[in-house]
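Asker: Quick note: the sequence shown uses the numbering used here, first residue 5, plus one each step.
Note that beta-carbon positions come from the ideal geometry of N, C-alpha and C, so glycine has one too.
This one's a predicted model, so the numbers in the text were calculated from it and none came from an experiment.
If you scroll down you'll find the structure; I have some questions about it.
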Amino acid sequence: MRRVVGILLLTGLLLVAAWPLPASAGGVQTTPATASQGALRADFNGDGVADLAIGAPGENNFSGVVHVLYGASPGGVSAAGSQVWSQNSTGIAGTAESSDIFGNSLAAGDFNGNGVADLAIGAPGENNFSGVVHVLYGASPGGVSAAGSQVWSQNSTGIAGTAESSDIFGNSLAAGKLSTGGGGTATQEGASPTERNLTAPARP
Ligand SMILES: [Ca+2]
Ligand SMILES: [Ca+2]
Ligand SMILES: [Ca+2]
């Protein structure tokens with residue numbers, strides 16, 4: 005189990021902040037600068053300042069948690085109003101169990117187009133490494149909440165495939181402008197499961 009978890013941690017441990025990075029920050033500019041770009045930042049409370057989501061997928065015997073810390077201008081990220089989320093949080097689907105590795109992957113994007121960033125959280129170890137992805141929505145004011153949160157897997161209606169052991173769905177996530185609405189090409193692709201030849205551990 006440790007080997008599997010180690011691989012997942014190496015490949016999936018992510019910090020999400022101010023994504024996509026502006027060219028001036030040395031990041032790779034993958035989307036053109038547009039008026040909507042601000043909505044794609046990880047500004048979960050819509051105050052115009054980027055916030056920070058931090059995965060701790062090894063918490064509680066690898067059940068995992070995700071912390072959300074909020075930025076401020078001036079001052080930067082602080083603990084004020086910080087949150088911690090898990091599958092045991094009220095309004096979040098599932099139950100925190102060993103090896104869920106909730107928070108192994110993170111992505112931010114404005115998934116409902118209301119101008120406030122939302123947070124996708126991978127739990128690729130769920131159900132003997134079949135995997136699920138949670139989507140939590142941001143709000144202005146207030147930040148990330150469980151209101152309207154979703155959970156997706158290969159067993160979700162309309163999603164191709166069947167959730168099976170070692171699918172590790174949600175091991176990686178990406179978010180971005182998936183449709184231009186004007187016939188242009190998508191700039192980034194969405195989440196996809198990663199199929200690997202891994203032996204999933206037996207759940208304790
Ligand atoms: Ca903010
Ligand atoms: Ca679980
Ligand atoms: Ca949103």
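Where Ala150 and Gly117 are concerned, what is the direct C-alpha to C-alpha distance, given to the nearest angstrom?
Answerer: Using only the alpha carbons, I get a separation of about 17 Å.
Asker: For ligand 1, any of its heavy atoms closer than 7 Å to the Cβ of Phe53?
Answerer: The question names Phe, but residue 53 in the sequence shown is Val. Yes, the beta carbon of Val53 sits closer than 7 Å to at least one heavy atom of ligand 1.
Asker: If I follow the unbroken alpha helix (DSSP H) through Phe66, where does it start and stop?
Answerer: Glu63 to Phe66 is the span of the alpha helix (DSSP H), which, as asked, contains Phe66.
Asker: Closest to His71 by CA distance: which of Gln154, Ser109, Asp51 and Gly79 is it?
Answerer: Ser109
Asker: Counting pairs of Cβ atoms below 8 Å between the region 87-103 and the region 159-178, do you hit three or more?
Answerer: no
Asker: From Arg85 to Tyr74, what distance separates their C-alpha atoms?
Answerer: The displayed chain sequence assigns Gly, not Arg, to residue 85. So the two alpha carbons sit approximately 7 Å from each other.
Asker: If Ile105 sits next to Gly129, beta carbons under 8 Å apart, how far is it from one beta carbon to the other, in whole angstroms?
Answerer: 4 Å
Asker: Starting from Asn159, trace the alpha helix (DSSP H) in both directions and tell me its first and last residue.
Answerer: Per DSSP, Asn159 belongs to no alpha helix (DSSP H) and is neither H nor E.
Asker: Of the choices Gly80, Gly113, Thr161 and Asn64, whose alpha-carbon is the least far from that of Ala178?
Answerer: Gly113
Asker: How is the beta strand (DSSP E) around Ala127 delimited, first residue to last?
Answerer: Looking at the DSSP string, the run of the beta strand (DSSP E) that includes Ala127 is Asp122 to Ala127.
Asker: Can you list, in chain order, the residues of its chain whose CB lies under 6 Å from that of Pro36, leaving out five sequence neighbours each side?
Answerer: For Pro36, the pLDDT reaches just 42, beneath the cut-off of 50, and the residue's location in the model is therefore unreliable, although a value from the coordinates is still provided. So the list is empty, once near-sequence residues are dropped.
Asker: Looking at Gly174: is its Cβ nearer than 8 Å to the Cβ of Gly107?
Answerer: no
Asker: Grouping DSSP H, G and I as helix and E and B as strand, with all else coil, what is Thr94?
Answerer: coil
Asker: Using 10 angstroms around the beta-carbon of Gly80, count the other beta-carbons present and answer buried if the total reaches 16, otherwise exposed.
Answerer: exposed
Asker: Beta-carbon within less than 6 Å of Leu140's beta-carbon, same chain only, minus the 5 sequence neighbours each way: which residues are those?
Answerer: Taken in chain order, the residues that qualify are Leu123, Val148 and Ser153.
Asker: With burial defined as no fewer than 16 other Cβ atoms inside 10 Å of the residue's Cβ, what is the status of Asn254: buried or exposed?
Answerer: Past the edges of the chain, shown from 5 to 208, lies residue 254, and the structure says nothing about it.
Asker: From which residue to which residue does the beta strand (DSSP E) around Ile58 run?
Answerer: Element bounds for Ile58: Leu56 to Ala60.
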